[in-house]
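Residue 79 in full-length UniProt numbering is what sits at position 79 of the sequence shown, and the numbering runs on without skipping anything.
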Amino acid sequence: MELREGEVVLRPIRMRDQKAWQEASRRNRDWLRRWEATVPPAPPGRETPGPRPTYRQMVRYLRREAVAGRMLPFVILYQGVLVGQLTVGGITWGSMCSANVGYWIDEAVAGRGIMPTAVALSVDHCFQALGLHRVEVCIRPENGPSRRVVEKLGFRSEGLRPRYLHIDGDWRDHLVYALTAEEVPEGLLERWRLR
Numbered sequence: 001m002e003l004r005e006g007e008v009v010l011r012p013i014r015m016r017d018q019k020a021w022q023e024a025s026r027r028n029r030d031w032l033r034r035w036e037a038t039v040p041p042a043p044p045g046r047e048t049p050g051p052r053p054t055y056r057q058m059v060r061y062l063r064r065e066a067v068a069g070r071m072l073p074f075v076i077l078y079q080g081v082l083v084g085q086l087t088v089g090g091i092t093w094g095s096m097c098s099a100n101v102g103y104w105i106d107e108a109v110a111g112r113g114i115m116p117t118a119v120a121l122s123v124d125h126c127f128q129a130l131g132l133h134r135v136e137v138c139i140r141p142e143n144g145p146s147r148r149v150v151e152k153l154g155f156r157s158e159g160l161r162p163r164y165l166h167i168d169g170d171w172r173d174h175l176v177y178a179l180t181a182e183e184v185p186e187g188l189l190e191r192w193r194l195r
């Protein structure tokens with residue numbers, strides 16, 4: 001499956017993306033470190049978490065979650081080049097029908113409208129193809145560029161989740177932004193195109 005708008009493409013992450021993904025990740029290490037999830041230390045008496053998973057382990061995990069219907073792991077291509085990742089995770093069915101979206105982009109192409117386009121593509125897929133009802137994005141308050149993405153798209157601010165995720169070595173507060181399918185009957189991509 002591919003989602004496309006102009007020169008922006010979302011497609012499932014693949015094993016053969018390893019070189020391009022690792023190169024983009026390495027090149028952006030300092031820029032992304034403040035926003036990346038980390039594993040908290042083990043409680044006293046418990047085993048310390050192992051090393052970060054390898055690329056292959058990460059992709060295998062993402063694929064298993066996708067097959068189970070709990071996740072959509074995408075890479076973001078711009079002009080045919082891998083420039084980031086977007087994951088629709090925490091997909092919940094039943095009475096909730098919701099998911100969350102997380103993303104990162106190469107600093108070299110940030111600010112060009114790529115990420116709002118990618119988020120809009122993924123949200124429309126969640127609402128229109130999957131039939132989800134709600135999508136949320138949780139962002140650290142000090143991450144201005146990421147907040148601008150969801151604000152440009154018209155996500156509603158729902159407040160603060162104190163010490164929500166372990167990021168960059170500590171438990172960090174996150175702002176919650178959300179949309180429901182009823183709020184964008186025309187589609188989020190169409191709303192973004194009209195801005």
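Cβ coordinates follow ideal geometry from the N, Cα and C atoms, glycine included.
Closest Cα partner of residue i within the set the options
i: residue 33; options: 163, 170 and 51; result: 170
i: residue 41; options: 168, 65, 92 and 108; result: 168
i: residue 3; options: 77, 37, 26 and 30; result: 77
i: residue 53; options: 37, 46, 45 and 112; result: 37
i: residue 14; options: 173, 126, 61 and 131; result: 61
i: residue 12; options: 131, 73 and 192; result: 73
Nearest-angstrom Cα separation, counted from residue j out to residue i
i: residue 148; j: residue 140; result: 12 Å
i: residue 110; j: residue 8; result: 13 Å
i: residue 56; j: residue 117; result: 28 Å
i: residue 123; j: residue 188; result: 7 Å
i: residue 1; j: residue 63; result: 14 Å
i: residue 6; j: residue 190; result: 13 Å
i: residue 152; j: residue 67; result: 32 Å
i: residue 180; j: residue 25; result: 32 Å
Cβ neighbours of residue i in the same chain (closer than 6 Å, five flanking residues each side left out)
i: residue 156; result: 178
i: residue 150; result: 137 and 177
Own chain, CB closer than 8 Å to residue i, minus 5 neighbours either side, in chain order
i: residue 159; result: 175 and 176
Minimum Cβ-Cβ distance from residue i to chain B less than 8 Å
i: residue 27; result: Structure shown: chain B not included; a single protein chain is present.
Legend entry - the segment 74 to 89 in contact with the segment 102 to 118 per 3-pair CB rule at 8 Å: Verdict: yes, contact present.
Inset, instruction - Within the segment 9 to 71, note down every full alpha helix (DSSP H) run reaching 4 residues or more, in order along the chain. - result: DSSP runs (the alpha helix (DSSP H)) wholly in the segment 9 to 71: 18 to 27, 29 to 32 and 55 to 67.
Inset, instruction - Would you list, in sequence order, the uninterrupted beta strand (DSSP E) runs of no fewer than 3 residues that lie entirely inside the segment 96 to 151? - result: Annotation: the segment 96 to 151 contains the following complete segments of the beta strand (DSSP E) (minimum length 3 residues), in chain order: 98 to 105 and 134 to 139.
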